[in-house]
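Undergrad: Under the working numbering, the residues of the sequence shown are numbered 368 to 772, in order. This structure is in structure tokens; I'll ask about it shortly.
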Amino acid sequence: MIFVTGKLYWPETLPAPSLYPALTEDVKCDVLIIGGGEAGALVSYYLKQHDVDVILVDKRRVSGGSSSANTGLLQICNDKTLTACMHSFGEQKGVRFYELTRQAVDELEKISGQLDRSPDYIRRECLYYASEPADAESLRTEYQLLKKYGFPVMYFERADIEKRFSFSKEGAIYSKGDAEFNPYKFTNGVIAHSVKKGMRVYENTEVVHQKVQDGGLLVYTNSGRTIACRRAVFATGYEAQSMKRNANAVISSSYSIVTNQVEAFTGWPHGCLIWETARPYLYIRTCPEGRVIVGGLDEPLQKQDASSLNKRDQLLAKIQELFPQIPMRAEYYWGATFVGTHDGLPLFGEQEGYPHCLFTLGYGGNGTVYSTIGAQIISDLITKGSHADADLFAFDRRKYASATV
Ligand SMILES: Cc1cc2nc3c(=O)[nH]c(=O)nc-3n(C[C@H](O)[C@H](O)[C@H](O)COP(=O)(O)OP(=O)(O)OC[C@H]3O[C@@H](n4cnc5c(N)ncnc54)[C@H](O)[C@@H]3O)c2cc1C
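And the structure:
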């Protein structure tokens, strides 16, 4: 599977991350986490709250996968509107999903505050605008639903947008409670935090096979060394699709740029997050170093190398259209594999054919927030045997759904 290509920005913000050895001996633990991206890091965080004996392995360096390509927007509202969630899963489960995303954004703030190095978590307001005038009606319906269920939203008419921003749109939802952060610093920081609590980490260590043994698992790595464990958690991100393809997963390519440091964010109040109703959507944020991050232009899976220069120029043109008064050039750009789901929700829990294994696949544009929900569910499944929201994200959840996004 094509993964990440181009010139990444986040690794440059943390020039000396902690390094971990490769596995060179046979070892044992209670829970093995496979994958050192955000999802694996977050599972380790919650398991270490319960003092579980954990080993984490990654076939690359930790945070070397999708978590380094992530643009770091942390949103309550997401790819699947509350309206669509309620259509698909019913009122109670639809609203519950949105409550969970709100809690996860708060949870990420709490975790960020516990790390030795700040991952630049900053609360941001968010503008979700109508890409076309015809989208304003459904946007207003979405606003009314969000307001009804207590989410902190306002509706902006065209005049409200023109008064505040350098561009004009027919309408927009303006919300509070979202955030931004640096996903690379965060993932490295959470893993370092778990290491301080006794977790063992092995980089450049690939899991190639596992078999049931003694009521648990014996896991084989590429070096021939083994890990005996009671449970294994696959936090292998989009690469999980190479191991077992899920019918619900939709694989595509996504593109991002990071601009030069700009002098001022003129016509962009409070450096709020910005996204839109079009699908695929454009999404935009600022970052503490004074740069602008733009992502989008998703398309069916491509050889990203070939198209990322073209996409870089298109993304730059789109941001300049919104903010013509801010001179920008793309200093970093990348293309990355991206996986969403047909029904709009991530996938957490057990899969048939994998005894003693759990999966946390935070698929979707809000992958960090989803991975936070997933980590809490996986940790509870391991330490308590159940979690009240596990059914909503189960791999066989089709029995709960009545429609797709
Ligand atoms: C361009 C782009 C922009 C995005 N922007 C946002 C955003 O703004 N906000 C947001 O919330 N989400 C965003 N996402 C989604 C987000 O990046 C992902 O949901 C999240 O990073 C996934 O984390 P992960 O840990 O599941 O996967 P990864 O970070 O990919 O980690 C998986 C790890 O597993 C390892 N691995 C795989 N197989 C094995 C094996 N067999 N043995 C050992 N190790 C293995 C890999 O090396 C990798 O390090 C974006 C994604 C992309 C592509």
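Beta carbons are placed, not taken as given, at the ideal position from N, Cα and C, and that holds for glycine. No experiment lies behind these values; they were computed from the predicted model shown.
(1) Does chain B have any CB closer than 8 Å to the CB of E492?
(2) Let me know the secondary structure DSSP gives E509 once reduced to three states.
(3) Output needed for F370: all residues of its chain with C-beta closer than 8 Å, excluding positions within five of it in sequence on either side, in chain order.
(4) Go ahead and pull the three-state DSSP assignment for E606.
(5) From Y767 to K460, what does the alpha carbon distance come to, in whole angstroms?
(6) So Y495 is in the beta strand (DSSP E); what residue range does that whole segment cover?
(7) Excluding the five sequence neighbours on either side, which residues of its own chain have a C-beta within less than 7 Å of the C-beta of V574, listed in chain order?
(8) Does the distance between the C-beta of F705 and the nearest non-hydrogen atom of ligand 1 fall short of 7 Å?
(9) Taking Cβ to Cβ, would you say P691 is nearer than 8 Å to R531?
(10) So what does DSSP say about G373, is it helix, strand or coil?
(11) According to DSSP, simplified to helix, strand and coil, what is V772?
(12) By the three-class DSSP mapping on this structure, what secondary structure does A761 have?
(13) Report the rounded CA-to-CA distance for V421 versus Y488, giving the unit in angstroms.
(14) Considering Cα atoms alone, identify which of T508, H560 and F548 is closest to G538.
(15) Is it the case that the CB of T391 approaches a heavy atom of ligand 1 more closely than 7 Å?
(16) From P486 to G711, what does the alpha carbon distance come to, in whole angstroms?
(17) With burial defined as no fewer than 16 other Cβ atoms inside 10 Å of the residue's Cβ, what is the status of H754: buried or exposed?
(18) P388: beta carbon under 7 Å from a heavy atom of ligand 1?
(19) What number of angstroms, rounded off, separates the C-alpha of K563 from the C-alpha of G662?
(20) Is T438 near ligand 3, in the sense that its beta carbon is under 7 Å from a heavy atom of that ligand?
(21) Do three or more CB pairs link the region 592 to 605 to the region 674 to 682 at distances below 8 Å?
(22) What number of angstroms, rounded off, separates the C-alpha of D756 from the C-alpha of K611?
(23) With 16 as the cutoff for other CB atoms within 10 Å, does R646 come out buried or exposed?
(24) What does a CB cutoff of less than 6 Å around R658 pick up in its chain, not counting 5 residues either side in sequence?
(25) Go to G734, then tell me how far its alpha helix (DSSP H) extends in each direction, as first and last residue.
(26) D446: buried (16+ other C-beta within 10 angstroms of its C-beta) or exposed?
(27) In the DSSP assignment, the alpha helix (DSSP H) including A408 goes from what residue to what residue?
(28) Could you round the C-beta distance between F715 and I686 to whole angstroms and report it? I think they count as a contact, below 8 Å.
(29) When DSSP labels each residue in this structure, what does D393 get in the three-state scheme?
(30) Who are the Cβ neighbours of R696 in its own chain at under 6 Å, not counting the five residues just before and after it?
(31) Quick one: is D758 buried, meaning 16 or more other Cβ sit within 10 Å of its Cβ, or exposed?
(32) DSSP on S619, reduced to helix/strand/coil?
(33) Could you name the residues of the same chain whose beta carbon sits closer than 7 Å to that of S535, not counting the 5 residues immediately before and after it, in chain order?
(34) On the CB-based measure, 16 or more other CB atoms within 10 Å of its CB, does V462 come out buried or exposed?
(35) Are Y465 and A742 closer than 8 Å when you measure CB to CB?
(36) CB-CB under 7 Å to P500, same chain, minus the five flanking residues each way: which ones, in chain order?
TA: Once the coordinates are examined:
(1) No chain B appears in this structure, which consists of one protein chain only.
(2) helix
(3) G432, S433, Y605, E606, A703 and T704
(4) helix
(5) Reliability fails at Y767, whose pLDDT of 48 lies under 50, so the model's placement of it is uncertain and the value that follows must be treated cautiously. Each residue's alpha carbon lies about 9 Å from the other.
(6) I489 to Y496
(7) I401, V424, V586 and T588
(8) yes
(9) no
(10) strand
(11) Since pLDDT at V772 reaches only 38, below the 50 mark, its modelled position is unreliable, and the value read off the structure follows with that caveat. It is coil, neither helix nor strand.
(12) coil
(13) 27 Å
(14) T508
(15) no
(16) 28 Å
(17) buried
(18) no
(19) 35 Å
(20) Looking at this structure, you won't find ligand 3 anywhere; what it does contain is ligand 1.
(21) no
(22) 24 Å
(23) exposed
(24) V625, T626 and Q628
(25) G734 to T750
(26) buried
(27) E405 to Q416
(28) Wrong, their Cβ atoms sit about 34 Å apart, outside the cutoff.
(29) coil
(30) N627
(31) exposed
(32) strand
(33) R525, I528 and E529
(34) buried
(35) no
(36) E537
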